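Colleague:
2 protein chains.
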Amino acid sequence: MKKNVGIVEPKIFNLPDGLKLESGKTLPSVALVYETYGKLNKDKSNAVLVMHAFTGDAHAAGYHKGEESAGWWDFMIGPGRALDTEKYFVICINVIGGCKGSTGPSSINPQTGKPYALEFPEVTLGDMVNAQAKLIDHLGIDKVYATLGGSMGGMLALEWAAVYPERIECVIPIAATLKHSPQQIAFNEVGRQAIMADPDWNGGDYYGKALPEHGLAVARMLGHITYMSNVSMEKKFSRRVKEDSDEFKFAPDFEVEGYLQYRGQNFVKRFDANSYLYITKAMDFFDLSGEKLFAKGSLGRTRFLVIAFKSDWLYPSCQSQDMVRQLKMHYVDATYCEIDSAYGHDSFLIESEGAQQAHLIRHFLTKRS
Amino acid sequence: MKKNVGIVEPKIFNLPDGLKLESGKTLPSVALVYETYGKLNKDKSNAVLVMHAFTGDAHAAGYHKGEESAGWWDFMIGPGRALDTEKYFVICINVIGGCKGSTGPSSINPQTGKPYALEFPEVTLGDMVNAQAKLIDHLGIDKVYATLGGSMGGMLALEWAAVYPERIECVIPIAATLKHSPQQIAFNEVGRQAIMADPDWNGGDYYGKALPEHGLAVARMLGHITYMSNVSMEKKFSRRVKEDSDEFKFAPDFEVEGYLQYRGQNFVKRFDANSYLYITKAMDFFDLSGEKLFAKGSLGRTRFLVIAFKSDWLYPSCQSQDMVRQLKMHYVDATYCEIDSAYGHDSFLIESEGAQQAHLIRHFLTKRS
Numbered sequence: 001m002k003k004n005v006g007i008v009e010p011k012i013f014n015l016p017d018g019l020k021l022e023s024g025k026t027l028p029s030v031a032l033v034y035e036t037y038g039k040l041n042k043d044k045s046n047a048v049l050v051m052h053a054f055t056g057d058a059h060a061a062g063y064h065k066g067e068e069s070a071g072w073w074d075f076m077i078g079p080g081r082a083l084d085t086e087k088y089f090v091i092c093i094n095v096i097g098g099c100k101g102s103t104g105p106s107s108i109n110p111q112t113g114k115p116y117a118l119e120f121p122e123v124t125l126g127d128m129v130n131a132q133a134k135l136i137d138h139l140g141i142d143k144v145y146a147t148l149g150g151s152m153g154g155m156l157a158l159e160w161a162a163v164y165p166e167r168i169e170c171v172i173p174i175a176a177t178l179k180h181s182p183q184q185i186a187f188n189e190v191g192r193q194a195i196m197a198d199p200d201w202n203g204g205d206y207y208g209k210a211l212p213e214h215g216l217a218v219a220r221m222l223g224h225i226t227y228m229s230n231v232s233m234e235k236k237f238s239r240r241v242k243e244d245s246d247e248f249k250f251a252p253d254f255e256v257e258g259y260l261q262y263r264g265q266n267f268v269k270r271f272d273a274n275s276y277l278y279i280t281k282a283m284d285f286f287d288l289s290g291e292k293l294f295a296k297g298s299l300g301r302t303r304f305l306v307i308a309f310k311s312d313w314l315y316p317s318c319q320s321q322d323m324v325r326q327l328k329m330h331y332v333d334a335t336y337c338e339i340d341s342a343y344g345h346d347s348f349l350i351e352s353e354g355a356q357q358a359h360l361i362r363h364f365l366t367k368r369s
Numbered sequence: 001m002k003k004n005v006g007i008v009e010p011k012i013f014n015l016p017d018g019l020k021l022e023s024g025k026t027l028p029s030v031a032l033v034y035e036t037y038g039k040l041n042k043d044k045s046n047a048v049l050v051m052h053a054f055t056g057d058a059h060a061a062g063y064h065k066g067e068e069s070a071g072w073w074d075f076m077i078g079p080g081r082a083l084d085t086e087k088y089f090v091i092c093i094n095v096i097g098g099c100k101g102s103t104g105p106s107s108i109n110p111q112t113g114k115p116y117a118l119e120f121p122e123v124t125l126g127d128m129v130n131a132q133a134k135l136i137d138h139l140g141i142d143k144v145y146a147t148l149g150g151s152m153g154g155m156l157a158l159e160w161a162a163v164y165p166e167r168i169e170c171v172i173p174i175a176a177t178l179k180h181s182p183q184q185i186a187f188n189e190v191g192r193q194a195i196m197a198d199p200d201w202n203g204g205d206y207y208g209k210a211l212p213e214h215g216l217a218v219a220r221m222l223g224h225i226t227y228m229s230n231v232s233m234e235k236k237f238s239r240r241v242k243e244d245s246d247e248f249k250f251a252p253d254f255e256v257e258g259y260l261q262y263r264g265q266n267f268v269k270r271f272d273a274n275s276y277l278y279i280t281k282a283m284d285f286f287d288l289s290g291e292k293l294f295a296k297g298s299l300g301r302t303r304f305l306v307i308a309f310k311s312d313w314l315y316p317s318c319q320s321q322d323m324v325r326q327l328k329m330h331y332v333d334a335t336y337c338e339i340d341s342a343y344g345h346d347s348f349l350i351e352s353e354g355a356q357q358a359h360l361i362r363h364f365l366t367k368r369s
């Protein structure tokens, strides 16, 4: 029977010696928030590392006590589900640079006693993965059975394979890429400029003051357009006009406008503007193209399942196809699956669209090499 | 020989009785800025009405005295060019609601002696066309040989046919649509929100004060992404890093970021933020789908050439195909041409990409019905 994992509790891990970053700088104090579902088996060979997307968090499955909405990938994780917690020990760790519990620009800088803000050093997807590896070490896991995730989560899954090729058996990048195209960079840059154009951003120094809510909301509205598809927007909104449209001349008239404003305004309650800047920059600089995915070691013993969605125009399927081409040219065991979903980039998060994805992943993981 | 039209001068026409708007309101005083190229023939049958895109203006061809850059469609207009000024009397009129000389929100409200700002009434594409028709009347032209334009210009060309079906012989909508999809509305709404999020926008009341430059620049940056294609961005920028990148942590690192900032900052010098709001709203409300294109009269004597660009994802070719389908279902003479350009929505403005467009239009206009 397919069940939910029930009530879960986030845990915190403090890296004992801080983290040396790829830039050469050191983050002296690093906390990671993470959740686990299922049990680590005796030979510690059943760990599955789920990586969250850009604005996601460690709460991938189950319910926090007293909360009504489940984790962001709940339909994928649980007893009998694709990531079967009766077989796998599923781990999800919040990235550094974010604002969901792990150390980021809104954390207290131990040297000043105040939030880092822009004093926070630039971090890379490599740094995020290196921090996670310390926790995996701490859990006594030598080899991770699988890393997987969608969007930035997929890029992190690839980064794990690139940096620790001998520690990963399976990699499942979903709606991801080996590097951002200039268009993907451009969309991120407009988001960043919207945030920094807000006077309340104040050079990043806004903690305890007015937040750059307007700029962050605009950035998120744009993000939402790119996460959906033309078709899914047509289905969801068409050109329907709002019933309760405001008197104000430039208030939202169409439902799609009202929806985007609502999503933008909601987002500012749950996400930190500086984290938006740091993480999008990290994604833009991420680049495993050419030989870089294979630089630290052969992936000859690693299996890849690369999943793309037909209607995803932000991370178009040609990027996943290019990934598979690179892997094949290096004699890596790689399978490509393009799912015919209409929901655009967000498809991997949507249960109704995720049925095929769940099926593919379940079977891919079951076939132990 | 294909030549430029040389030095040109904009003209002004003041509507004698103001303009009754579709909303029922009246604009008491309306000025239209326009340019003409070539000569009106004796029977006044050779007028070609070129319509500009969203942020365009009446200066479609030739040079203003002392200026070095030619009009925005110069490669299309001139002796021997596609819109051959030895055959046609080409007219381009700036739309009302804009900020390029015709009456808009930055114009002086005769009732207050101050700029209208948000006191300016909402205008529609129908209003823009009705204002133009007054000028066409004034020029003594009963029947316009052709209306054409790209993007909003194409939508205005369609609106002309819808409102004055008996006055148009040929219509050439380029990279246009019968109505905006929710995605197109959504992109416009993010631009509007970026402008209104700028405190200097000040409820639209910023004339003579600090302008909402940051918000308007963000809106334009987003616009530019949607006007280009993935492929053209890849060709133009790839992932090249700027040579002169600033020390500042979130300064543009990639060339594409620097380019967008440059375009955004340039735009604020030449466009009014309130016009951005009014005109995008007019486009979003434009809707000639279903029977609406044919409501005022048969188009049985009008010929259509519908042009789309393969890489245009903002006004995707399926919208043009839908237009042709509607026309064919009403027994209208309509030809569809999809041009295989890589430059996205902006293709119609680019000379190198415009060669096919010029060729198609030249021949379509030559074949008099």
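The listed protein sequences derive, respectively, from chains A and B. Residue 226 in this note's numbering sits at position 226 of the first sequence, and the numbers go up by one each step. Residue 159 in this note's numbering sits at position 159 of the second sequence, and the numbers go up by one each step. Glycine included, each C-beta is placed from N, C-alpha and C at the ideal position. A quick note: this is a predicted structure, and the numbers were derived from the prediction, not measured.
(1) Please identify the residue among B/58, B/24, B/27 and B/77 whose C-alpha is closest to the C-alpha of residue 5 of chain B.
(2) What does residue 299 of chain A pair with, by DSSP beta-bridge criteria?
(3) At a Cβ cut of 8 Å, what residues of the region 278–309 of chain A count as close to chain B, listed as they run along the chain?
(4) In angstroms with no decimal places, state the Cα-to-Cα distance between residue 91 of chain B and residue 364 of chain B.
(5) Say whether chain A places a C-beta atom closer than 7 Å to the C-beta of residue 263 of chain B.
(6) Does any residue of chain B have a CB that is nearer than 7 Å to the CB of residue 42 of chain A?
(7) What would DSSP say about residue 16 of chain B, mapped onto helix, strand or coil?
(8) Considering Cα atoms alone, identify which of A/249, A/125 and A/159 is closest to residue 280 of chain B.
(9) Going by DSSP, name the residue or residues bridged to residue 318 of chain A.
(10) For chain B, check one thing: does any of its Cβ atoms lie closer than 7 Å to the Cβ of residue 197 of chain A?
(11) What's the C-alpha gap between residue 239 of chain A and residue 314 of chain B?
(12) Does residue 105 of chain B get closer than 7 Å to chain A when you measure Cβ to Cβ?
(13) Please return the same chain residues whose Cβ sits closer than 8 Å to the Cβ of residue 121 of chain A, not counting the five positions on each side in sequence.
(14) To the nearest angstrom, how far is it from the Cα of residue 244 of chain A to the Cα of residue 198 of chain B?
(15) Which residues, taken in chain order from the region 175–193 of chain A, show a beta carbon closer than 7 Å to some beta carbon of chain B?
(16) By the three-class DSSP mapping on this structure, what secondary structure does residue 51 of chain B have?
(17) Scan the region 53–117 of chain B and note each continuous beta strand (DSSP E) run of 3 residues or more that stays entirely inside, going in chain order.
(18) Does the separation of the CB atoms of residue 203 of chain A and residue 348 of chain A fall below 7 Å?
(19) Any C-beta of chain A sitting closer than 7 Å to the C-beta of residue 369 of chain B?
(20) Could you run through the region 120–140 of chain B and flag, in chain order, every residue whose CB is less than 8 Å away from some CB of chain A?
(21) Alpha carbon to alpha carbon, how far is residue 7 of chain B from residue 267 of chain B?
(22) List, in order along the chain, the chain B residues whose C-beta lies closer than 8 Å to that of residue 201 of chain A?
(23) What is the DSSP secondary structure of residue 354 of chain B, reduced to helix, strand or coil?
(24) Give me the subset of the region 210–238 of chain A whose CB atoms are less than 7 Å from a CB atom of chain B, sorted by chain position.
(25) Secondary structure at residue 348 of chain A, three-state DSSP: helix, strand or coil?
(26) Nearest to residue 312 of chain B by CA position, among B/177, B/274, B/305 and B/290, is which residue?
(27) Here's a check: name, in chain order, each residue in its chain whose Cβ is nearer than 7 Å to the Cβ of residue 166 of chain B, leaving out the five neighbours to either side.
(28) Run through the region 247–289 of chain B for me and flag every whole alpha helix (DSSP H) of 4 or more residues, listed as ranges in chain order.
(29) State yes or no: is the beta carbon of residue 314 of chain B nearer than 7 Å to at least one beta carbon in chain A?
(30) Using a cut-off of 8 Å between C-beta atoms, extract the partners of residue 257 of chain B located in chain A.
Modeller: To lay it out plainly:
(1) Position 5 of the second sequence, counted from the start, is the residue given in the question as residue 5 of chain B. Nearest of B/58, B/24, B/27 and B/77 to residue 5 of chain B, Cα basis: B/77.
(2) Residue 299 of chain A sits at position 299 when you count from the first residue of the first sequence. In the DSSP output, where bridge partners are listed per residue, residue 299 of chain A has none listed.
(3) Taken in chain order, the members of the region 278–309 of chain A whose beta-carbon sits within less than 8 Å of a beta-carbon on chain B are 281, 284, 285 and 287.
(4) One-based indexing of the second sequence puts residue 91 of chain B at position 91. One-based indexing of the second sequence puts residue 364 of chain B at position 364. In a straight line, the C-alpha of residue 91 of chain B is about 18 Å away from that of residue 364 of chain B.
(5) Locating residue 263 of chain B in the second sequence gives position 263, counting from the first residue. No, because no Cβ of chain A sits closer than 7 Å to the Cβ of residue 263 of chain B.
(6) For the purposes of this step, residue 42 of chain A is taken as residue 42 along the first sequence, with counting starting at 1. No, no contact with chain B.
(7) Within the second sequence, the letter at position 16 stands for residue 16 of chain B. Reduced to three states, the DSSP call for residue 16 of chain B is coil.
(8) Within the second sequence, the letter at position 280 stands for residue 280 of chain B. Comparing Cα-Cα distances from residue 280 of chain B to each of A/249, A/125 and A/159, the minimum goes to A/249.
(9) Numbered from 1 along the first sequence, position 318 holds the residue referred to as residue 318 of chain A. The partner list for residue 318 of chain A (beta bridge, DSSP) is empty, contrary to what the question assumes.
(10) Residue mapping note: residue 197 of chain A aligns to position 197 of the first sequence, counting from 1. Against chain B, the CB of residue 197 of chain A has a partner CB under 7 Å away; the residue lies at that interface.
(11) Working through the first sequence from its first residue, we reach residue 239 of chain A at position 239. Working through the second sequence from its first residue, we reach residue 314 of chain B at position 314. Rounded to the nearest angstrom, the two C-alpha atoms are 16 Å apart.
(12) Working through the second sequence from its first residue, we reach residue 105 of chain B at position 105. Cβ-Cβ to chain A under 7 Å: no for residue 105 of chain B.
(13) Counting from 1 along the first sequence, the entry for residue 121 of chain A is found at position 121. Cβ within range, chain order: 21, 23, 25 and 27.
(14) Mapped onto the first sequence, residue 244 of chain A falls at position 244. Mapped onto the second sequence, residue 198 of chain B falls at position 198. Spanning the two alpha carbons is a distance of roughly 25 Å.
(15) Closer than 7 Å at the C-beta level to chain B, one finds these residues of the region 175–193 of chain A: 179, 181, 182, 183, 185, 186, 187, 189, 190, 192 and 193.
(16) As a position in the second sequence, residue 51 of chain B is number 51, starting the count at 1. Strand, per DSSP.
(17) Counting only runs of at least 3 residues, the region 53–117 of chain B fully encloses the following beta strand (DSSP E) elements, listed from N- to C-terminal order: 89–93.
(18) Here residue 203 of chain A refers to the residue found at position 203 of the first sequence. Here residue 348 of chain A refers to the residue found at position 348 of the first sequence. Not closer than 7 Å, so no.
(19) Sequence index remark: in the second sequence, residue 369 of chain B carries index 369 (1-based). Note that residue 369 of chain B scores a pLDDT of 46, beneath 50, so its modelled location is shaky; the value from the coordinates is reported in the next line. Not one chain A Cβ lies under 7 Å of residue 369 of chain B.
(20) Residues 122.
(21) Translated into positions along the second sequence, residue 7 of chain B becomes position 7. Translated into positions along the second sequence, residue 267 of chain B becomes position 267. Between residue 7 of chain B and residue 267 of chain B, the C-alpha separation is close to 25 Å.
(22) Counted from its first residue, the first sequence places residue 201 of chain A at position 201. Per Cβ cutoff of 8 Å: no residues; residue 201 of chain A is ~10 Å from chain B at best.
(23) Your numbering for residue 354 of chain B matches position 354 in the second sequence. Residue 354 of chain B falls in the helix class under three-state DSSP.
(24) If you check each beta-carbon in the region 210–238 of chain A against every beta-carbon of chain B, the ones closer than 7 Å belong to 214, 215, 218, 221, 222, 225, 230, 233, 234, 237 and 238.
(25) Mapped onto the first sequence, residue 348 of chain A falls at position 348. Under the three-state reduction of DSSP, residue 348 of chain A is assigned to helix.
(26) As a working note, residue 312 of chain B is residue 312 in the second sequence. Closest option to residue 312 of chain B, Cα to Cα, is B/177.
(27) Within the second sequence, numbered from 1, the residue matching residue 166 of chain B stands at position 166. 297, listed in sequence order.
(28) Listed in chain order, the complete alpha helix (DSSP H) runs (minimum 4 residues) inside the region 247–289 of chain B are 255–270 and 273–285.
(29) On the second sequence, residue 314 of chain B is found 314 positions in, with the first residue counted as 1. Closer than 7 Å: no.
(30) As a first step, residue 257 of chain B is located in the second sequence; it is residue number 257 there, counting from the start. Ordered by position in chain A, the residues that pass the 8 Å Cβ test against residue 257 of chain B are 185, 186 and 189.
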